[in-house]
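Trainee: Would you mind keeping the following structure in view while I ask a few things?
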Amino acid sequence: MPANLNWLWNFGAILTVVLMVMLATGLFLAIHYTPSAADAFASVEAIDRQVPSGWLLRSIHMTGASLFMAALYIHLFRGLYYGSYKQPRELLWITGLVLLCMVMLTAFAGYVLPWGQMSYWGADVVGKAVGAVPGIGGWLEHFLQGGDAPGDVSLHRLFILHFFMAFAVLGVVVVHVAVLHVAGSGNPKGIEPPAATVPFHPYYSAKDAAGLVLFITVFAVLVFFFPAIVAEPENYRPANPMHTPADIEPEWYFLPFYGILQSVPSKFGGLVVSVGAIGLLFLAPWLDTSPVRSARYRPVYRLGIVGLVVAFVTLGLVGRHHAEGIWMIVGRIATLVYYGHFLLVMPWSTRRERTLPAGVEGTP
Ligand code: HEM
Numbered sequence: 001m002p003a004n005l006n007w008l009w010n011f012g013a014i015l016t017v018v019l020m021v022m023l024a025t026g027l028f029l030a031i032h033y034t035p036s037a038a039d040a041f042a043s044v045e046a047i048d049r050q051v052p053s054g055w056l057l058r059s060i061h062m063t064g065a066s067l068f069m070a071a072l073y074i075h076l077f078r079g080l081y082y083g084s085y086k087q088p089r090e091l092l093w094i095t096g097l098v099l100l101c102m103v104m105l106t107a108f109a110g111y112v113l114p115w116g117q118m119s120y121w122g123a124d125v126v127g128k129a130v131g132a133v134p135g136i137g138g139w140l141e142h143f144l145q146g147g148d149a150p151g152d153v154s155l156h157r158l159f160i161l162h163f164f165m166a167f168a169v170l171g172v173v174v175v176h177v178a179v180l181h182v183a184g185s186g187n188p189k190g191i192e193p194p195a196a197t198v199p200f201h202p203y204y205s206a207k208d209a210a211g212l213v214l215f216i217t218v219f220a221v222l223v224f225f226f227p228a229i230v231a232e233p234e235n236y237r238p239a240n241p242m243h244t245p246a247d248i249e250p251e252w253y254f255l256p257f258y259g260i261l262q263s264v265p266s267k268f269g270g271l272v273v274s275v276g277a278i279g280l281l282f283l284a285p286w287l288d289t290s291p292v293r294s295a296r297y298r299p300v301y302r303l304g305i306v307g308l309v310v311a312f313v314t315l316g317l318v319g320r321h322h323a324e325g326i327w328m329i330v331g332r333i334a335t336l337v338y339y340g341h342f343l344l345v346m347p348w349s350t351r352r353e354r355t356l357p358a359g360v361e362g363t364p
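Sequential numbering from 1 applies to the sequence shown in the UniProt record's numbering.
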């Protein structure tokens, strides 16, 4: 292993452990859950109130989903900052992005299962977004929902999808880590082969364990002291197809994409641009072929990454504020900055950027 890995290299191990926790708690939740529109809400209430330690299982699973997504975004932006997507790790990057898409789908399906107001109307918004595809949209929406609106059939399918995807994610993680072992880990300097190496054990086994202890401490504080911190109050009302909530809002980790969706005037256009925001990540290894990997030595690229992170967070705020008034303009600018990093900064800096010589960095 490179001797100079920093704490950002802890998140792969953290993700693996949180995935196990999600699978274990999910399995026990599934034992008590009823996947039907008539009984789903009551079965989740029963888990919270009647099943021994059911509230704890549910709190771990819900908080875990949020922490998993937070760790996933840190892991991804680490890769962008240090150029981990570059040759010879293109396949590793692609398997990571496949995981991102699978995890997002799993999280969406999971959020529908309690069949509260936000579950129902969230599924409705996604159904309508799919319905905006020209030509086949209506058919696709009907096919995916199993009806004209979310209902019993949709819930049943989403339950199976949620259950199945969780294990499929585990399978792809095995592939991800196997591919990692072919190329080996990168390092913050991006200089390969690294100047100094150390064995994984005891150096990184100890460092991963220390990172996990810290992470689990934060996890435990949230679960035991703020068990409903990520819960949306509106989702504690049973789904009511006759009553649209005033604010339909996805979980925080989808907000940046929701912000893009709303900033674009046409429904289909919004869908294309927000799905495109993930699509661009797949192209990163070919948009940026600079031989210098790490943003430490690439001042312009580094600025692009800072812009990308600011744009991502801003888009999250836009999603929260429903892209109205000034938020609409802010959303469009942030979308341009996001796209600009991939379509302008990456190709430009590949050809023209004056990179710094090794040793003069002074940034993370
Ligand atoms: C279920 C989700 C995931 C799990 C469990 C996982 C697991 C891991 C593990 C254990 C490592 C080695 C330790 C480390 O470098 O942190 C790793 C490295 C890596 N992962 Fe992931 N990962 C996941 C998702 C992703 C995603 C979404 C991406 C990016 C699109 C990604 C890209 C990478 C890259 C590029 C590396 C190598 C980085 C380097 O050494 O320079 N992974 N992953």
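Beta carbons: idealized from backbone N, C-alpha and C, even for Gly.
This one's a predicted model, so the numbers in the text were calculated from it and none came from an experiment.
Between the Cα of Y73 and the Cα atoms of E45, R49, I136, V103, which residue gives the shortest distance?
Mentor: V103
Trainee: Under the criterion of a Cβ to heavy atom distance below 7 Å, does R351 qualify as lining the ligand HEM?
Mentor: no
Trainee: Quick one: using the 10 Å Cβ neighbour count with 16 as the cut-off for buried, is Q117 buried or exposed?
Mentor: buried
Trainee: Quick check on DSSP: helix, strand or coil for P238?
Mentor: strand
Trainee: Helix, strand or coil for P199? Go by DSSP, reduced to three states.
Mentor: coil
Trainee: Is the beta carbon of G64 less than 8 Å from the beta carbon of V18?
Mentor: yes
Trainee: What is the C-beta distance between G245 and A149, in whole angstroms, given that I count them as a contact (C-beta under 8 Å)?
Mentor: The sequence as given places Pro at residue 245; Gly does not occur at that position. Not a contact, Cβ separation roughly 15 Å.
Trainee: Going straight from the alpha carbon of L170 to that of P202, what length do you get?
Mentor: 26 Å
Trainee: Please list, in chain order, all residues of the same chain as G138 whose beta carbon is under 7 Å from its beta carbon, the five residues on each side excluded.
Mentor: G131
Trainee: Out of P265, W115, L303, which one is the CA nearest neighbour of N324?
Mentor: Contrary to the premise, residue 324 reads as Glu rather than Asn in this sequence. Residue P265 is the option with its Cα nearest to E324.
Trainee: Say whether the region 178-190 touches the region 92-100, bearing in mind that this needs 3 or more beta-carbon pairs closer than 8 Å, one atom from each stretch.
Mentor: Yes: the two stretches touch, three or more of their Cβ pairs being nearer than 8 Å.
Trainee: Determine the DSSP secondary structure at P299, reduced to helix, strand or coil.
Mentor: helix
Trainee: Taking N10 and K207 to be in contact with their CB atoms under 8 Å, please state how far apart those CB atoms are, rounded to whole angstroms.
Mentor: In this structure, N10 and K207 form a Cβ contact; the two beta carbons are roughly 7 Å apart against a cut-off of 8 Å.
Trainee: Given Y85, which residues of its chain have a CB within under 7 Å of its CB, disregarding the five upstream and five downstream residues?
Mentor: G79, W93, A284, P285
Trainee: I'd like the list of long-range same chain contacts for P238, defined as Cβ closer than 6 Å, with 5 residues on each side in sequence excluded.
Mentor: F41, listed in sequence order.
Trainee: Pick out whichever of I248, G190, L100, M1 has its Cα sitting closest to the Cα of H176.
Mentor: That would be L100, whose Cα lies nearest to the Cα of H176.
Trainee: Considering only residues of the same chain and omitting the five flanking positions on each side of A295, which have a CB-CB separation below 6 Å?
Mentor: Y81, Y301, R302, I305
Trainee: Buried or exposed: where does S53 fall if 16 or more other Cβ atoms within 10 Å of its Cβ makes it buried?
Mentor: exposed
Trainee: Could you tell me if the beta carbon of F11 falls within a distance shorter than 7 Å of some heavy atom in the ligand HEM?
Mentor: yes
Trainee: Out of V345, H243, F226, L214, which has the shortest C-alpha to C-alpha gap to D124?
Mentor: H243
Trainee: Taking only the alpha-carbon atoms, compute the straight-line gap between P114 and P35 and give it to the nearest angstrom.
Mentor: Answer to the nearest angstrom: the Cα atoms are 9 Å apart.
Trainee: Determine the burial state of M20: buried for a count of at least 16 other Cβ atoms within 10 Å of its Cβ, exposed for fewer.
Mentor: exposed
Trainee: To the nearest angstrom, report how far apart V16 and V213 are at their CA atoms.
Mentor: Correcting the residue type first, residue 16 is Thr in the shown sequence and not Val. Within the model, the alpha-carbon separation for T16 versus V213 is close to 14 Å.
Trainee: Compare the C-alpha of M165 against each of F108, I278, P299, A37 and name the closest.
Mentor: F108
Trainee: Do Y236 and the ligand HEM come close, with the Cβ less than 7 Å from some heavy atom?
Mentor: The ligand HEM has no heavy atom closer than 7 Å to the beta-carbon of Y236.
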